[in-house]
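In this note's numbering, the protein residues as written are 298 to 468. The beta carbon of each residue, even a glycine, is placed where N, CA and C say it ideally should be. To start, the structure itself, in structure tokens.
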Amino acid sequence: MAQRNTPRPVARSGRRRAGRAQLDQRQDPYKATGKPHEPSVCPQCGAVYHQGRWHWSARPADAHEALCQACHRINDRFPAGILTLSGPLVAQHKAEMIRLAHRQEAVEKKEHPLNRIIDIEEEPERIVINTTDIHLPRRIVEALRRAWHGKTDFHYEEDGYFLRVNWHGEA
Ligand SMILES: [Zn+2]
């Protein structure tokens with residue numbers, strides 16, 4: 298598995314002003330780059346931006362092109378959510394857990410096009426699921442708890458758009 302740097306805030310020069318730093322940091326920095334023209338289509342995933350948000354719909358004839366923030370994060374491999382599954386249960390049910398994560402992503406993504414899995418790292422007793430948003434890890438961990446219980450802890454970043462969730466399953 299390729300080595301990866303710890304996620305750190307994306308530098309967007311000129312966006313941050315004195316006194317507003319705290320507020321600005323609470324938004325997804327990938328979202329705060331200005332609104333796309335309406336309508337726009339993401340050239341990478343085909344999501345369409347209109348009425349102030351991204352939808353799955355047919356490409357409008359007069360659409361502009363704008364990369365959505367989910368594709369932007371995928372390209373940068375810069376997760377907003379990291380869900381780590383550990384413990385003996387992971388070794389026993391790894392394939393099922395990965396299928397469960399993909400199923401939850403499919404349901405979530407239908408309604409929220411920007412909530413996606415970036416990638417899944419597999420180790421013998423560990424699975425790391427990187428996501429483009431801070432909602433999908435919670436959804437996946439709730440499904441895991443329904444199936445296998447386990448212990449969960451959440452770490453929200455105080456002043457940023459980032460969530461780390463750890464789930465531990467004892468056999
Ligand atoms: Zn996209």
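For residue 431, I'd like the list of residues in its chain whose CB is within less than 6 Å of its CB, leaving aside the five on either flank, ordered along the chain.
In the sequence shown, residue 431 corresponds to position 134, counting from 1. Excluding residues within five positions, the ones whose Cβ falls inside 6 Å are 377, 378, 460.
Test item: CB-CB of residue 458 and residue 373 under 7 Å:
The residue labelled residue 458 in the question sits at position 161 within the sequence shown. The residue labelled residue 373 in the question sits at position 76 within the sequence shown. No, the Cβ-Cβ distance between residue 458 and residue 373 is not below 7 Å.
Would you call the segment 387 to 400 and the segment 414 to 430 in contact, with 3 or more CB pairs under 8 Å?
yes
Let me check understanding here. Comparing Cα to Cα, which of 464, 443, 344 lies closest to residue 449?
Your numbering for residue 449 matches position 152 in the sequence shown. Answer by Cα proximity: 464.
Reference residue 401; option with closest CA among 443, 384, 350
Along the sequence shown, read from residue 1 onward, the residue named residue 401 stands at position 104. Checked all of 443, 384, 350; the closest Cα to residue 401 is 443.
Which same chain residues end up closer than 6 Å to residue 436 when comparing Cβ atoms and leaving out the 5 residues on each side of it in sequence?
As a first step, residue 436 must be located in the sequence shown, where it is residue number 139. So the qualifying residues of the chain are 401, 405.
Which one of 328, 466, 453 has the shortest CA to CA distance from residue 368?
Taking the first residue of the sequence shown as position 1, residue 368 is located at position 71. For the residues 328, 466, 453, the minimum Cα distance to residue 368 belongs to 328.
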